[in-house]
Amino acid sequence: MCKNMVFRNCHSTKRKNKKKQKLKKCKRNYYASKKHSIEHVIGFLGNPNVGKSSLFNELTGSHQHIGNWPGKTVEKKEGHFILADEYFSVVDLPGTYSLSGRSDEEIITEEFIVQERPDLVCVIADAMRLERTLYLALQAFELTDKVAIIVNMIDVAEKHNLEINRKKLENSLGVPVILVSALRDSSLIELKKFIYDALHTDKYHFHPAKIFYSDKIEGLIRKISEQIEDRKVLKEYPTRWIAIKLLEEDNWIKSELAKEFDLDILLKTLEEIKEKEKINPKVEIAKTKYSGLHTIVTQSVKGDIEFKETLSDKIDKIVLHPIFGYPILVLIYALFFFISFSISSPIIDGMSYLLNLFAEYIRSVMIQSSSPEIITSFVVDGVISGISAFLLFLPLIIVFYTLVAIMEDSGYLARSAYLMDRFMSKFGLQGTAFLSIVMGFGCNAAGILATRIIKNPKDRIRMIVSLSFIPCAATLGVIAFITGIFFAPWKASLIMLGLYAFSIFLTLISSSILRLFMEKEDPLPLILEMPEYRKPILKNIYYLTWSRAGVFVKKAGTFIFSASIFIWILSNLPYNVSPEFTILGYLGKVFSFVTYPLMGLSWEMIAPLVFGVAAKETIIVALGVIYASGDLKSVLLNLWTFPQVISFLLFQLTYAPCFPTIAAVKSETNSNKWALFSILWPLFLTTLITTIVYQILNLII
Amino acid sequence: MTKALIDVKAGEKVDIFLINAGFKAHNFLADLGIHEGEKVRVVKNDYGPIIVEVKKTRVAIGRGLAKKILVR
Ligand SMILES: Nc1nc2c(ncn2[C@@H]2O[C@H](COP(=O)(O)OP(=O)(O)OP(=O)(O)O)[C@@H](O)[C@H]2O)c(=O)[nH]1
Ligand SMILES: [Mg+2]
Chain A
1 MCKNMVFRNC HSTKRKNKKK QKLKKCKRNY YASKKHSIEH VIGFLGNPNV GKSSLFNELT
61 GSHQHIGNWP GKTVEKKEGH FILADEYFSV VDLPGTYSLS GRSDEEIITE EFIVQERPDL
121 VCVIADAMRL ERTLYLALQA FELTDKVAII VNMIDVAEKH NLEINRKKLE NSLGVPVILV
181 SALRDSSLIE LKKFIYDALH TDKYHFHPAK IFYSDKIEGL IRKISEQIED RKVLKEYPTR
241 WIAIKLLEED NWIKSELAKE FDLDILLKTL EEIKEKEKIN PKVEIAKTKY SGLHTIVTQS
301 VKGDIEFKET LSDKIDKIVL HPIFGYPILV LIYALFFFIS FSISSPIIDG MSYLLNLFAE
361 YIRSVMIQSS SPEIITSFVV DGVISGISAF LLFLPLIIVF YTLVAIMEDS GYLARSAYLM
421 DRFMSKFGLQ GTAFLSIVMG FGCNAAGILA TRIIKNPKDR IRMIVSLSFI PCAATLGVIA
481 FITGIFFAPW KASLIMLGLY AFSIFLTLIS SSILRLFMEK EDPLPLILEM PEYRKPILKN
541 IYYLTWSRAG VFVKKAGTFI FSASIFIWIL SNLPYNVSPE FTILGYLGKV FSFVTYPLMG
601 LSWEMIAPLV FGVAAKETII VALGVIYASG DLKSVLLNLW TFPQVISFLL FQLTYAPCFP
661 TIAAVKSETN SNKWALFSIL WPLFLTTLIT TIVYQILNLI I
Chain B
702 MTKALIDVKA GEKVDIFLIN AGFKAHNFLA DLGIHEGEKV RVVKNDYGPI IVEVKKTRVA
762 IGRGLAKKIL VR
């Protein structure tokens, strides 16, 4: 099948741009570390689940920094370690299967390799899945020579009596290879030394195996290369690589080249050849790489068994069982929510008690030092309560993310996506969208970040703007409080469950409705790797949780805080009047002209929901302030009618996303239009549904 | 004898003969090593996406797509 393909080690030309590199290095030094005179940049590249992050965490420990790649929503993880007084900066690139699918992740990786010119690109491979995970290395070879291969999970391979001949692998791939296990301390020391030696000694060579494709493909590559040899665009990229990308119909390369060349004729001839010869270059190219790898891997690995039912397969027989799989799923997620709330609520209660004490202490100090009353109120009820609202949110977020990280690291998250796929596809979504819904129950903004795993851009946008129909942890607090006042415990729990089911239904319906208005694109069906089950590594969980919680704190922290100040202004000015005559009171009254006849929501019921847009947990506090007379529970019990209670519960469930969620929509879609839509759409749909329910209830009762 | 991947029973090993999928799906499958001429083993095929073993990994493929993959 692959007669035309030859693997050969090619002696590379000396690195050009040496000078440029030096200059760049000096600049880097200046910013990064003044103490270490030499700095190296190393990129970590690899398939999902090969242990990239585990190795990265081990190498860099707490010296990590998480940010975003400029202009993209993809996380950028950087860290460093120091060896022999030299500074090694490590970049954990996003996990991808290839460098040709043209997702943001892949563009970032290619740009990083070519433009930032890392001193070394480490491709992490999995000892148990060498063929698959080395595919990326062959693609990297076409971009740069400075590649080293780290074969991870060697402990697992040993358990399976798999013998990997490092030397043979090194010879046939033409670049340095090391065998490690992220679980072993000794591996870590070896790895550091390996990286050091690769950069400093001539112990290792960098002559990456060059892949030759079939004559037809090579002919096309030559043809394209001749045309684009002297180009002004994409100069840093190797010509051969660009030619291959063009054959693979890479849109980005096409549009870049089109800036300088008239590609029409070329593309047309390409189309004709493809038609005539019945070849799909992209597939041919992948095939050639894989068959080359197959040869290499069979030559260097001993003890490989053709097929064996693994422990994971056996577990999956139960976990993915067409009948038992679903009760297990429900059980696991029920446990998941139960644990997140039951661990975090005592912490939140304790913190809330302490923060109250603190606030009252400040109040008394300020009163004693006779500061003006309005200043005292601003500091205590505005600033301090803003900080408290934010701090009180943290325990749940941290516990929640910890549990998600455990599910992710263990491999169950992929299984739940698998199980939910059939159900989700009825609403035009993939199983992977289920994960963002789960995250959304903790915090909508977090759920929006989790939509990154949805591959289709349009599916992703639909999910992003539909996610605010999911009640977050804060909304749950409001539901629990209100139902607790009006209903017996068992009825309250039933209503709560009903509201949850209803909101999931709304989310899916919203997504389906939006699909009608979006132009359809080539739908990407579910293709999802099922990783093996693994015992989660504590360190990974820890770093995963902190990096996510950190992003949340940065994104939402300032937002919640400034929103609290804003709300204080609305509800306290003019100062020293009853709530009815504050700005908020007037706003509420304006709204109630519409909401009262439609849904029975009076201004006292609407005004707190304005607070809710800042952060949902303030709704109850605001109710307390507005119905200032006596015990809130008994006051509400007397004033609200049954249809009003239901109407309030329904309306507050989904009426609008909170500020942090709106901020997340904006940053994830890069569009003000979608951010605005994410406010108006739930408001419209919720008003419609609540009105219908309220009017019917009024007729019956 | 050719048939669709969806009609293959769990445990059977088949040769991929033709993939009739859209451009993106076709490319993604190729990157995972699932392309014409490759052998895959069906690990699970009852309800929900079908799971195949290819190159020591397990990949779940939506049932709709599995109908468009011809094997023998
Ligand atoms: N037995 C064993 N397990 C490992 C090793 N390295 C990583 N793992 C486990 O493999 C799983 C994946 O590791 P990660 O470090 O999250 O992999 P990753 O490459 O960062 O994955 P993505 O972030 O999804 O791209 C985790 O469950 C780890 O605990 C190893 O050397 N041996
Ligand atoms: Mg990772």
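Chains as they are written, first to last, in the numbering used here: chain A, 1 to 701; chain B, 702 to 773. Even glycine gets a Cβ: it sits at the ideal position worked out from N, Cα and C.
Contacts with chain B (Cβ-Cβ distance below 8 Å) from the stretch 459–488 of chain A involve no residue at all.
Contact note: residue 643 (chain A) does not reach chain B at a C-beta cutoff of 8 Å; the least C-beta distance is about 42 Å. Residue 529 (chain A): member of the beta strand (DSSP E) spanning 527–530, first to last residue. Listed along chain A, the residues sitting closer than 7 Å to residue 758 (chain B) by beta-carbon distance are 129, 132 and 529. If you look at residue 171 (chain A), you'll find it in the alpha helix (DSSP H) that goes 166–173. Contact between residue 92 (chain A) and residue 44 (chain A) holds: their C-beta atoms lie close to 5 Å from each other, under 8 Å. If you draw a straight line from the Cα of residue 534 (chain A) to the Cα of residue 321 (chain A), it comes to about 20 Å.
For residue 732 (chain B), a Cβ of chain A is located within less than 7 Å of the residue's own Cβ.
With the rule of 3 Cβ pairs closer than 8 Å, the stretch 124–135 of chain A does not count as touching the stretch 261–278 of chain A. For residue 748 (chain B), the secondary structure class from DSSP, reduced to helix, strand or coil, is coil.
Looking at the DSSP output, residue 152 (chain A) bridges to A:126. For residue 344 (chain A), no chain B residue has a Cβ inside 7 Å of its Cβ, as the nearest lies near 33 Å away. For residue 53 (chain A), the CB falls within less than 6 Å of some heavy atom of ligand 2. Judged by the Cβ position, residue 534 (chain A) qualifies as a neighbour of ligand 1 at the 6 Å threshold, a heavy atom of the ligand being closer than this. Taking one beta carbon from each stretch, the stretch 293–312 of chain A and the stretch 160–167 of chain A have 3 or more pairs nearer than 8 Å; the two touch. Contact check for residue 105 (chain A) against residue 99 (chain A) fails: the beta carbons are separated by 7 Å or more. Around residue 644 (chain A), the same chain offers 600 as residues with beta carbons nearer than 7 Å, after the five sequence neighbours per side are excluded.
For a cut-off of 8 Å, the C-beta gap from residue 613 (chain A) to residue 465 (chain A) is around 16 Å, too long to register as a contact. Here residue 437 (chain A) has 447, 467, 470, 504 and 507 as same chain residues with Cβ atoms under 8 Å from its own Cβ, once five neighbours each way along the sequence are excluded. Secondary structure note for residue 484 (chain A): its alpha helix (DSSP H) is the uninterrupted segment 473–486. Checking the 6 Å criterion, the Cβ of residue 153 (chain A) is within range of a heavy atom belonging to ligand 1. Taking the CA atoms as reference points, residue 761 (chain B) sits about 7 Å from residue 418 (chain A). In this structure residue 396 (chain A) is not in contact with residue 342 (chain A), their Cβ atoms being roughly 11 Å apart against a cut-off of 8 Å.
The CB of residue 754 (chain B) comes closer than 9 Å to the CB of 307 and 313 in chain A, given here in chain order. Using a Cβ-Cβ cut-off of 7 Å, residue 290 (chain A) is close to 734 of chain B, given in chain order. Between residue 499 (chain A) and residue 435 (chain A), the alpha-carbon positions lie close to 20 Å from each other. Residue A:216 holds the alpha-carbon nearest to the alpha-carbon of residue 244 (chain A) among A:496, A:230, A:259 and A:216.
Residue 742 (chain B) reaches chain A at 307, counting residues in chain order whose Cβ is nearer than 7 Å. Interface flag for residue 712 (chain B) against chain A is unset, since no Cβ pair is found closer than 7 Å. Shortest Cα-Cα distance from residue 524 (chain A) to any of B:767, B:773 and B:772 involves B:767. Within 10 angstroms of the beta-carbon of residue 682 (chain A) lie 16 or more other beta-carbons, which makes it buried. Residues of the stretch 319–332 of chain A that bring their beta carbon within less than 9 Å of a beta carbon in chain B comprise 320, 321, 322, 323 and 325, in sequence order. If you look at residue 116 (chain A), you'll find it isn't in any alpha helix (DSSP H); DSSP assigns it neither H nor E. Counting other Cβ atoms within 10 Å of its Cβ, residue 115 (chain A) stays below 16 and is therefore classed as exposed.
Minimum Cα-Cα distance from residue 749 (chain B) among the listed residues A:562, A:632 and A:326 corresponds to A:326. Under the Cβ criterion of 7 Å, residue 340 (chain A) is not counted among the residues facing chain B.
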